[in-house]
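Asks: Residue numbers (the numbering used here), protein chains in the order written: chain G, 4 to 540; chain P, 1098 to 1262.
#1: Rounded to whole angstroms, what is the Cα-Cα separation between residue 277 of chain G and residue 404 of chain G?
#2: What in chain G is Cβ-close to residue 1261 of chain P, meaning under 7 Å?
#3: 8 Å is my cut-off, CB to CB: does residue 1201 of chain P come that close to chain G?
#4: Is residue 48 of chain G near the ligand GDP, with its Cβ less than 7 Å from a heavy atom?
#5: Closest to residue 546 of chain G by C-alpha separation, out of G/206, G/189, G/191, G/190, would be which residue?
#6: Along the stretch 180 to 199 of chain G, where does the CB come closer than 8 Å to a CB of chain P? Name the residues.
#7: Considering just the uninterrupted stretch of the alpha helix (DSSP H) at residue 249 of chain G, what are its terminal residues?
#8: Does any CB atom of chain P fall closer than 8 Å to the CB of residue 21 of chain G?
#9: Comparing alpha-carbon positions, which option in G/347, G/179, G/214 lies nearest residue 447 of chain G?
#10: Tell me the DSSP bridge mates of residue 99 of chain G?
#11: Can you tell which of G/435, G/385, G/452, G/443 has the C-alpha that lies nearest to the C-alpha of residue 84 of chain G?
#12: Check each candidate in G/246, G/260, G/293 and name the one with the smallest Cα separation from residue 111 of chain G.
#13: Identify, in the order they occur along the chain, each residue of the same chain with its Cβ nearer than 7 Å to the Cβ of residue 1256 of chain P, setting aside the five sequence neighbours on each side.
#14: Whose Cβ in chain G lies nearer than 9 Å to the Cβ of residue 1258 of chain P?
#15: May I ask you to list the residues that DSSP assigns as paired with residue 195 of chain G?
#16: Output yes if chain G places a C-beta closer than 8 Å to the C-beta of residue 1191 of chain P; else output no.
#17: Give me the chain G residues within the contact set of residue 1221 of chain P, using Cβ-Cβ distance strictly less than 8 Å, ordered along the chain.
#18: Could you tell me whether the Cβ atoms of residue 313 of chain G and residue 329 of chain G are closer together than 8 Å?
#19: For residue 1112 of chain P, decide whether its Cβ has a neighbour in chain G, counting only Cβ atoms nearer than 8 Å.
#20: Answer with yes or no whether the minimum CB distance from residue 1233 of chain P to chain G is below 8 Å.
#21: Between residue 188 of chain G and residue 194 of chain G, what straight-line distance do the alpha-carbon atoms span, to the nearest angstrom?
#22: In three-state DSSP terms, what is residue 90 of chain G?
#23: For residue 433 of chain G, which residues in chain P fall below 9 Å Cβ to Cβ?
#24: Going by the beta-carbon positions, is the gap between residue 49 of chain G and residue 214 of chain G smaller than 8 Å?
#25: Among the candidates G/286, G/378, G/360, G/266, whose CA atom is the shortest distance from the CA of residue 109 of chain G?
#26: Looking at the unbroken alpha helix (DSSP H) that takes in residue 44 of chain G, where does it start and where does it end?
#27: Once you ignore the five residues that flank residue 1144 of chain P on each side, which residues in its own chain have a CB closer than 7 Å to its CB?
#28: For chain G, find out if any of its Cβ atoms is closer than 8 Å to the Cβ of residue 1143 of chain P; answer yes or no.
#29: Alpha carbon to alpha carbon, how far is residue 484 of chain G from residue 490 of chain G? Give it in angstroms, no decimals.
#30: For residue 257 of chain G versus residue 119 of chain G, is the C-beta distance shorter than 8 Å?
#31: By Cβ distance, which residues of its chain are closer than 8 Å to residue 415 of chain G, with the 5 residues on each side in sequence left out?
#32: Under DSSP, the alpha helix (DSSP H) around residue 1222 of chain P begins and ends at which residues?
#33: Which value, in whole angstroms, describes the spacing of the CA atoms of residue 5 of chain G and residue 1258 of chain P?
#34: Check whether the Cβ atoms of residue 155 of chain G and residue 481 of chain G lie closer than 8 Å to each other.
#35: With residue 437 of chain G as the anchor, note down where its alpha helix (DSSP H) starts and where it stops.
#36: Tell whether a beta-carbon distance below 8 Å holds between residue 2 of chain G and residue 175 of chain G.
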């Protein structure tokens, strides 16, 4: 019942005109961002963090979170109309969404995607409201030993499940941890790895890393796409509504997708792409007519869309209750929390109930707004697809530069952001996932503090991590996760292979130019078609 | 001559970075009051982790080279762009990076308004060729709106540079 009262209390905060206005702005911007192939939710949120600096933290976070689930909603539009997912999580929607659109059912498919997202969003937020609080109560009993083990587990998961190579994921995590150690050590006051630069004494700015790694690096992807071929967009005709038969097929699939998506979101590191993939495969497995999948099955749109949106709600469970992000985008949101001086975690429900319940309640309001926004206005919003890529590249670089400079009014931040942009480009070329680096950077400080506190309490005895049953359990889970992912790499799931083949198989048609991103999983970043992105017809 | 694999270059870079990081860590003072670990131990573990990841990459590379040759897969992402387009992309990206670096270096001295106008004007004239009016409107409108947003709405003035005189 406490969760119910919490939501009711949150609604009184989120339903104020200012908060509703900023939630609307957030979901609108999120929807627009998702319509722009090249910018994912992580880059979109990172670009807009500087704009929220002067705001009240609750209002700012409502807007940023609105951008996140706005992106999750809108990723389907480009998937259905352009055969290119707006973000990596919408990858499975392409399989049936585009054939349906080509068959003249574009409007109905968009309506199914929006409705499935709405169903998943509402159920997901409800589950979040009732699960986060008990989980936070359990986490309150955690000491530094357990916290160290929990963060270690989250980092192991994200490095093991992201990308195609465990070693590369691991390397990205350790690189993030290494960057996190730059600056003055708070316990001893010793400056570490600052190279004599005063700008680095206060640690490497999270915003600089995120803007460089996601926004500036994404520009390189867009530049490459710009030099490619053409897009073939399906026009939206008629009323944005589905038939009764279509809805009859869609709603059970959406419910199943919601369940799968929420559990994937609640497991740190899995991410929306895997949720969408699993739900699609599940739908195909249980279907009496699996041959329809890939040719325009409505369940093939409803289930992954619901899974993606439920996953974004699930990711907030451990972000709010444990202070551990679940995906690249929630890691960026966690960074925003920290920049506002708010530490997400179990204490949040005790110290900032207005904020946490206000945020959860704003998700209900945002979901309703998104449904209203997406159903009648989708045709209008789809016009964004025709903004020339050349203009987008310049605008993204311009916003990124202005945002980074405004942070400290110091060009050093700009040089650093450009450096991280180059690093992001190298990561993409070498198939290294970016999300693990972000996790390492954000969680590194807490990991080190917990480690040192635990060791101080135990007077330097490392066996303290094995004496605590929770810590020992989490460390064992980390080891099992690592072993399981090694096994998975050796013997990839047949169903996943099949899904990948189906996506690649789309290459048979001249318009289909889709590939799977190298960083499937928690890095729910952007997605651009390989050679033919960019240039608009 | 045999082409060096990008993964081999990555491994070398990781090892070099880890060694430099561990060396810099060894220069830190070890003293700590009431903290049995001090400021050096955690970075040492991180450096060790980086080296371990490099070793794992070597293992993966060896395992990959020993695996039976598979049928060539469909080109993924950027690998699809071999040939002239790929070379053009590389030159364009290098040009964009240099142009952006020049913008950042001159931003404070010249000022946000002038610098951003020139920066965006240059980029737009390359990426959106032939649309002079659109490019001019986008560059001017974007610069003025962003400057007004940060200076007046958010209270973080952008660099004035030459216009401050």
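Note that the Cβ used here is the ideal one computed from N, Cα and C, for glycine as well.
Computed from a prediction, not measured in an experiment: that's the story for all the values here.
Replies: In short, the structure shows the following:
#1: Take the alpha-carbon of residue 277 of chain G and the one of residue 404 of chain G: they are about 33 Å apart.
#2: Neighbours of residue 1261 of chain P on chain G: none; closest Cβ ~14 Å, over 7 Å.
#3: For residue 1201 of chain P, at least one C-beta of chain G is nearer than 8 Å to its own C-beta.
#4: As far as ligands go, the structure on display features none, and thus does not contain the ligand GDP.
#5: Residue numbering for chain G in the displayed model covers 4 to 540; residue 546 of chain G lies beyond these limits and cannot be assessed.
#6: Of all residues in the stretch 180 to 199 of chain G, only 180, 181, 184, 188, 190, 191, 193, 195, 196 come within less than 8 Å of chain P when Cβ atoms are compared, listed by chain position.
#7: DSSP places residue 249 of chain G in the uninterrupted alpha helix (DSSP H) bounded by 247 to 269.
#8: No, because no Cβ of chain P sits closer than 8 Å to the Cβ of residue 21 of chain G.
#9: Of all alpha-carbon atoms in G/347, G/179, G/214, the one lying nearest the alpha-carbon of residue 447 of chain G is that of G/179.
#10: Looking at the DSSP assignment, residue 99 of chain G forms no beta bridge with any residue, so it has no partner.
#11: For the set G/435, G/385, G/452, G/443, the Cα lying nearest the Cα of residue 84 of chain G is the one of G/385.
#12: For the residues G/246, G/260, G/293, the minimum Cα distance to residue 111 of chain G belongs to G/246.
#13: These residues qualify, in order along the chain: 1204, 1205, 1208, 1209.
#14: Residues of chain G passing the Cβ test: none, with the nearest at roughly 12 Å.
#15: DSSP, once it has assigned bridges, lists G/186 as partnering residue 195 of chain G.
#16: No, residue 1191 of chain P lies away from the interface with chain G (no Cβ there is under 8 Å from its Cβ).
#17: Ordered by position in chain G, the residues that pass the 8 Å Cβ test against residue 1221 of chain P are 393, 394, 397.
#18: Note that the C-beta distance between residue 313 of chain G and residue 329 of chain G is not below 8 Å.
#19: By the rule that beta-carbons nearer than 8 Å mark a contact, residue 1112 of chain P does not touch chain G.
#20: Not one chain G Cβ lies under 8 Å of residue 1233 of chain P.
#21: CA-to-CA, the gap between residue 188 of chain G and residue 194 of chain G works out to about 6 Å.
#22: Secondary structure at residue 90 of chain G: strand, using DSSP grouped into helix, strand and coil.
#23: By Cβ distance, chain P contributes 1103, 1104, 1106, 1107.
#24: Cβ atoms of residue 49 of chain G and residue 214 of chain G: closer than 8 Å.
#25: Out of G/286, G/378, G/360, G/266, G/378 has the C-alpha closest to the C-alpha of residue 109 of chain G.
#26: Residue 44 of chain G -> alpha helix (DSSP H) spans 44 to 51.
#27: In the same chain as residue 1144 of chain P, and ignoring 5 residues on each side of it, the C-beta atoms closer than 7 Å to its own belong to 1115, 1118, 1119, 1122, in chain order.
#28: Under the Cβ criterion of 8 Å, residue 1143 of chain P is counted among the residues facing chain G.
#29: The C-alpha of residue 484 of chain G is placed about 10 Å away from the C-alpha of residue 490 of chain G.
#30: The answer is yes: Cβ separation under 8 Å.
#31: So the qualifying residues of the chain are 200, 202.
#32: Residue range 1209 to 1224 is occupied by the alpha helix (DSSP H) that includes residue 1222 of chain P.
#33: Residue 5 of chain G and residue 1258 of chain P: Cα-Cα distance of roughly 56 Å.
#34: Taking a C-beta distance under 8 Å as the contact criterion, residue 155 of chain G and residue 481 of chain G qualify as a contact pair.
#35: Annotation: residue 437 of chain G is outside any alpha helix (DSSP H) and is labelled neither H nor E by DSSP.
#36: Because chain G in this structure spans residues 4 to 540, residue 2 of chain G falls outside the shown range and cannot be described.
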